[in-house]
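J.: Let me give you the structure first, and then I'll get to my questions.
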Amino acid sequence: MRVIINDQQPRTTVPDTPPGDDPLLRLQQETEEDHPRIRFTTHPEPITIAGITVMCPACGARRDWMVICDVPGRLFLRCRCAHQWHEPELTRTDFDAMIDAPDRKYPTLEAVARDIGYDGTLTGAYFPQ
Ligand SMILES: [Zn+2]
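What follows is the structure, encoded as structure tokens:
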């Protein structure tokens, strides 16, 4: 088979990347959208595991938690003093039972913590129940 290439025809197949359309940036955005999200909720009440009320080892707080569920389903507790730790006794099921609102989307966990007051600026502060 002979292929005839006519150089007089405008080439329409592979357009050049227009300026401002950075393929790397586009990939990043697509990756973010597809990426499984870390979920979180807040839990103003004390959390009891096996009859023992969870206490923050850093500041001694016993309530007002931020509960984080990562992609593999591990649960982390975060205190108002910004101390955060993995709580192996809690599972995704516990998280689903605690979640009180549809999760919001934040770029990073630190952004979440800052936005809802778990970055340490409210250390020792309790809101009225
Ligand atoms: Zn604490």
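For the sequence shown, the numbering used here begins at 57 and goes up steadily by one. Glycine included, every Cβ here is placed at the ideal spot set by N, Cα and C.
Would you report the Cα separation of Leu178 and Arg170, rounded to the nearest angstrom?
T.: Along the sequence shown, one-based indexing puts residue 178 at 122. Along the sequence shown, one-based indexing puts residue 170 at 114. C-alpha separation (whole angstroms): 10 Å.
J.: With DSSP collapsed to three states, give me the class of Arg130.
T.: What you label residue 130 is simply residue 74 of the sequence shown in a count that begins at 1. Look at Arg130 here: in three-state DSSP terms it is coil, with no helix or strand label.
J.: Within its chain, find whatever has a CB closer than 8 Å to the CB of Phe96; leave out the 5 residues flanking it on each side and keep chain order.
T.: Taking the first residue of the sequence shown as position 1, residue 96 is located at position 40. Hits under 8 Å: Met122, Val123, Ile124, Cys125, Asp159, Leu165, Val168.
J.: So what's Thr149 in DSSP terms, helix, strand or just coil?
T.: Taking the first residue of the sequence shown as 1, we reach residue 149 at position 93. In the structure shown, Thr149 sits in a helix (DSSP, three-state: H, G or I).
J.: Going along the chain, which residues of its own chain have a beta-carbon closer than 8 Å to the beta-carbon of Thr147, five neighbours each way excluded?
T.: The residue given as residue 147 occupies position 91 in the sequence shown. Hits under 8 Å: Gly129, Leu131.
J.: Residue range of the alpha helix (DSSP H) that Val168 falls in?
T.: By 1-based counting over the sequence shown, the position of residue 168 is 112. Counting along the chain, the alpha helix (DSSP H) containing Val168 begins and ends at 165-171.
J.: Can you tell me which of the three DSSP states Met122 falls into?
T.: As a first step, residue 122 is located in the sequence shown; it is residue number 66 there, counting from the start. Reduced to three states, the DSSP call for Met122 is strand.
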